[in-house]
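Student: In the numbering used here, the protein residues as written are 1 to 256.
Every residue gets a Cβ at the ideal spot worked out from N, C-alpha and C, and that includes glycine.
These numbers come from a predicted model, not from an experiment.
Below are the structure tokens for one structure; questions will follow.
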Ligand code: CIR
């Protein structure tokens, strides 16, 4: 079994990215590229992933954030229909890669879905209802995944862009969460570690195989996590100015 990490280069146009909760600050694209290269290196050397890059898309400012364009289960890959119209042209390039590994399904209009709203815990899939993901998108995910034995639950998300700005997977039945942004009751049977309340964006961690990639921006939550986990710490500060977090820059999946 090989673990694949699908990534995509930082676009030259990244300064035109979508922003919802952040004030625009100039992004140093060269520095963002260095940070992205370090991220890919960590996925290769620490998480033992094989990096597979989607074709570069210089005119699609948010294309580095591949997580939103698709999500992949062992049985099938779902190509999304991103909620931001400016991001819809990102999906064909990602689909081109994924069709080499999985049967593809897609979200059709009027459904919208960003992969950043999808959390998979074993056979349970939680999908955030956000400004990017609508009820029709969630219903389509439910219909697509039912034959494969997955249950799909819609969960409310407050005050942030995506579900994964509020909760991410630590283990099959454990999430790192910011409880100000989601209701723990929406995740029955799941245990939680709580991000430090002084670090509202700290609930985003990337589990890849046995490795955990985590941002240097959240020292308090990091200290709490390091009591039980070994973390690989990365500086993602330029990517964060585009409202991107650690999970956003890859789609990780198993391949034979
Ligand atoms: C956007 O607003 O769509 C991008 N600037 C950031 C996307 C971050 N993706 C993610 O959290 N999954």
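Can you determine whether any heavy atom of the ligand CIR sits closer than 8 Å to the C-beta of residue 65, and answer yes or no?
Tutor: At least one heavy atom of the ligand CIR is nearer than 8 Å to the Cβ of residue 65, so yes.
Student: Between residue 157 and residue 129, what straight-line distance do the alpha-carbon atoms span, to the nearest angstrom?
Tutor: If you take the alpha carbons of residue 157 and residue 129, they lie about 6 Å apart.
Student: Can residue 161 be considered in contact with the ligand CIR, in the sense that its beta carbon sits closer than 8 Å to one or more heavy atoms?
Tutor: Residue 161: yes, Cβ under 8 Å from the ligand CIR.
Student: Ordered along the chain, which non-local residues of its own chain (more than five positions away) have a Cβ less than 6 Å from that of residue 71?
Tutor: The residues are 78, 115, 118.
Student: Ordered along the chain, which non-local residues of its own chain (more than five positions away) have a Cβ less than 6 Å from that of residue 9?
Tutor: Closer than 6 Å at the Cβ level, and outside the excluded window around residue 9, lie 56.
Student: Tell me whether the beta-carbon of residue 127 lies closer than 9 Å to the beta-carbon of residue 113.
Tutor: Closer than 9 Å, so yes.
Student: Is it buried or exposed for residue 163, if we count other Cβ within 10 angstroms and need 16 for buried?
Tutor: By the neighbour-count rule (16 or more Cβ atoms within 10 Å), residue 163 is buried.
Student: Determine the contact status of residue 193 and residue 236, defining contact as a CB-CB distance below 9 Å.
Tutor: Against a cut-off of 9 Å, the Cβ pair of residue 236 and residue 193 comes out as no contact.
Student: Less than 9 Å between the beta carbons of residue 250 and residue 234, yes or no?
Tutor: Result no, Cβ atoms of residue 250 and residue 234 do not sit closer than 9 Å.
Student: Using a Cβ-Cβ cut-off of 8 Å (strictly less than) and excluding sequence neighbours within five positions of residue 149, which residues of its own chain qualify?
Tutor: The answer, listed in chain order, is 123.
Student: Below 8 Å on the Cβ atoms is my guess for residue 166 versus residue 182; work out the distance and round it to an integer in Å.
Tutor: About 5 Å separates the two Cβ atoms, so the contact holds.
Student: Can you check the region 82 to 159 for any alpha helix (DSSP H) of at least 4 residues that lies completely inside it and give the ranges in chain order?
Tutor: Here the runs fully enclosed are 91 to 98, 135 to 145.
Student: If we count Cβ pairs, one from each stretch, closer than 8 Å, do we get three or more for the region 74 to 88 versus the region 40 to 54?
Tutor: The region 74 to 88 is not in contact with the region 40 to 54.
Student: Please confirm whether residue 242 and residue 32 have their CB atoms less than 9 Å apart.
Tutor: Yes, Cβ-Cβ distance for residue 242 and residue 32 is below 9 Å.
Student: Does the CB of residue 85 have a neighbour CB from chain D at under 9 Å?
Tutor: The question asks about chain D, but that chain is absent: this structure has only one protein chain.
Student: Ordered along the chain, which non-local residues of its own chain (more than five positions away) have a Cβ less than 7 Å from that of residue 173?
Tutor: Contacts found: 121, 189, 190, 191.
Student: Based on the DSSP secondary-structure assignment, which residues constitute the bridge partners of residue 207?
Tutor: DSSP, once it has assigned bridges, lists 212 as partnering residue 207.
Student: With DSSP as the reference, label residue 186 as helix, strand or coil.
Tutor: Of the three classes helix, strand and coil, the one that applies to residue 186 here is helix, per DSSP.
Student: Would DSSP call residue 262 helix, strand or coil?
Tutor: An answer regarding residue 262 cannot be provided, because it is not within the stretch 1 to 256 covered by the chain.
Student: So, with DSSP's three-state summary, where would you put residue 191?
Tutor: In the structure shown, residue 191 sits in a strand (DSSP, three-state: E or B).
Student: Taking buried to mean at least 16 other C-beta atoms within 10 Å of its own C-beta, is residue 1 buried or exposed?
Tutor: Flag for residue 1 reads exposed.
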